[in-house]
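The structure appears right after this line, and notes come after that.
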Amino acid sequence: MKPDLSVKIGGMTLLNPVMPASGCFGYGEEYAHYFDLAVLGAIIVKGTTASPCPGNPPPRLAETAAGLLNAIGLQNPGAASAREKISSLAKYGVPVIVNVAGHSVEDYCEVVRAMEKDLAVAAFELNISCPNVSAGGMAFGTEPGLVERLVQKIRLLTKKTLIVKLSPNVTDIVKIARAAEAGGADALSLINTLLGMAIDVRTRRPVLANLTGGLSGPAVKPVALRMVWQVTSAVNVPVIGLGGISCAQDATEFLLAGASAVAVGTANFNNPLICPQIIDGISAYLSDNSFSSLGQIIGLAKENKTEAGGECGCGKK
Ligand SMILES: Cc1cc2nc3c(=O)[nH]c(=O)nc-3n(C[C@H](O)[C@H](O)[C@H](O)COP(=O)(O)O)c2cc1C
Numbered sequence: 094m095k096p097d098l099s100v101k102i103g104g105m106t107l108l109n110p111v112m113p114a115s116g117c118f119g120y121g122e123e124y125a126h127y128f129d130l131a132v133l134g135a136i137i138v139k140g141t142t143a144s145p146c147p148g149n150p151p152p153r154l155a156e157t158a159a160g161l162l163n164a165i166g167l168q169n170p171g172a173a174s175a176r177e178k179i180s181s182l183a184k185y186g187v188p189v190i191v192n193v194a195g196h197s198v199e200d201y202c203e204v205v206r207a208m209e210k211d212l213a214v215a216a217f218e219l220n221i222s223c224p225n226v227s228a229g230g231m232a233f234g235t236e237p238g239l240v241e242r243l244v245q246k247i248r249l250l251t252k253k254t255l256i257v258k259l260s261p262n263v264t265d266i267v268k269i270a271r272a273a274e275a276g277g278a279d280a281l282s283l284i285n286t287l288l289g290m291a292i293d294v295r296t297r298r299p300v301l302a303n304l305t306g307g308l309s310g311p312a313v314k315p316v317a318l319r320m321v322w323q324v325t326s327a328v329n330v331p332v333i334g335l336g337g338i339s340c341a342q343d344a345t346e347f348l349l350a351g352a353s354a355v356a357v358g359t360a361n362f363n364n365p366l367i368c369p370q371i372i373d374g375i376s377a378y379l380s381d382n383s384f385s386s387l388g389q390i391i392g393l394a395k396e397n398k399t400e401a402g403g404e405c406g407c408g409k410k
């Protein structure tokens with residue numbers, strides 16, 4: 094018998110724990126040529142702002158040794174056009190999660206208000222890595238008080254599942270995670286990209302027109318995994334783990350660390366079939382190891398951990 098891969102995230106019951114990450118799958122149109130999107134656990138669509146956004150000027154992408162730097166800058170068609178694209182995903186019967194972006198609290202509210210009544214939308218994922226214009230461009234997700242207030246405000250506007258996507262560009266991600274939970278989040282997702290840059294030695298200029306960009310792909314996986322481990326030990330809401338997942342083994346590591354589900358971003362660009370392959374791989378892992386359901390492995394590495402001492406390895410905690 095096939096193992097039960099289903100999992101509950103807020104008000105959603107997913108058939109399996111695998112979903113494409115925001116910004117790496119568009120609205121699914123291109124990927125529907127490669128596989129039946131109905132096999133996915135959920136679909137997270139591109140970050141959506143209230144009005145259309147052209148994004149940053151090119152160059153916006155740079156490959157690095159083990160990852161990708163992007164400075165797309167929230168390019169998207171705006172909430173009204175996004176609603177049409179999202180409604181065409183309803184035929185797959187898979188929960189659709191709208192990634193919400195903005196430069197002010199009111200921007201986020203406007204997107205949620207515009208989509209709250211849409212039956213095709215199962216959940217909102219707040220991208221709090223966006224620069225907050227009224228705080229001089231500092232990302233929303235770097236200040237616990239601001240995170241809690243933003244989440245509280247959105248919570249009042251929606252009965253749909255509310256996910257908060259955390260930025261890794263902070264000193265203590267656990268404080269931010271707790272603030273999002275206190276504000277009323279049903280679930281958390283982590284991580285977004287890590288700030289980085291690349292310089293072209295030939296032109297002696299930064300490669301990205303934006304100077305800096307967000308690093309994703311295999312390079313960030315150990316950082317993401319560590320943060321998922323820490324956050325799942327500190328909050329009671331389910332966590333969607335992501336960052337550098339490129340195969341079923343990577344995804345399984347996140348589940349063992351405590352994530353209830355996983356999202357796959359950059360790896361879709363190398364292999365458009367990666368999501369269904371990861372679903373099959375997790376199923377095979379469960380069967381091969383005599384587990385009958387996904388729930389049996391979530392956080393299992395925490396039970397099996399050895400006491401290694403403090404962060405610096407000195408033995409002091
Ligand atoms: C080209 C690109 C566009 C992205 N756009 C968004 C976005 O609109 N909203 C968001 O929350 N995250 C966005 N992300 C971040 C990813 O969803 C994901 O959090 C990050 O890339 C880490 O996962 P990965 O290593 O599997 O790609 C984007 C990433 C890439 C590479």
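First residue of the sequence shown? That's 94 in our numbering, and the numbers climb one at a time after it.
For every residue, glycine included, the Cβ atom is placed at its ideal position computed from N, Cα and C.
- Ala270 and Pro113 have their C-alpha atoms roughly 22 Å apart.
- Residue side-chain check: Cys223 keeps its Cβ at 6 Å or more from all non-hydrogen atoms of ligand 1.
- In this chain, the beta strand (DSSP E) harbouring Thr157 covers Leu154 to Thr157.
- Between Thr235 and Val263 the beta-carbon gap is near 5 Å, inside 8 Å, which marks them as a contact.
- Per DSSP, Ile221 is not a residue of any alpha helix (DSSP H), being assigned neither H nor E.
- Within the chosen limit of 6 Å, ligand 1 does not reach the beta carbon of Gly121 with any heavy atom.
- Fully contained in the region 309 to 336 are the following alpha helix (DSSP H) runs of length 4 or more, in chain order: 314 to 325.
- At least one heavy atom of ligand 1 falls within 6 Å of the beta-carbon of Ala114.
- Within the region 202 to 256, the complete alpha helix (DSSP H) segments of 4 residues or longer fall at 237 to 250, listed in chain order.
- The three-state reading of DSSP puts Cys368 in helix, counting H, G and I together.
- For Ile190, the CB stays at least 6 Å from every heavy atom of ligand 1.
- By the neighbour-count criterion, in which a residue is buried when 16 or more other Cβ atoms sit within 10 angstroms of its Cβ, Lys268 is exposed.
- Assigned with DSSP and collapsed to three states, Ala278 falls in coil, not helix or strand.
- Note: Cys146 is bridge-paired with Asn169 in the DSSP secondary-structure output.
- Considering only Tyr127, Lys210, Phe217 and Lys95, the residue with the shortest C-alpha distance to Ile367 is Tyr127.
- By the Cβ rule, the region 234 to 253 does not count as touching the region 130 to 147, because fewer than three pairs are nearer than 8 Å.
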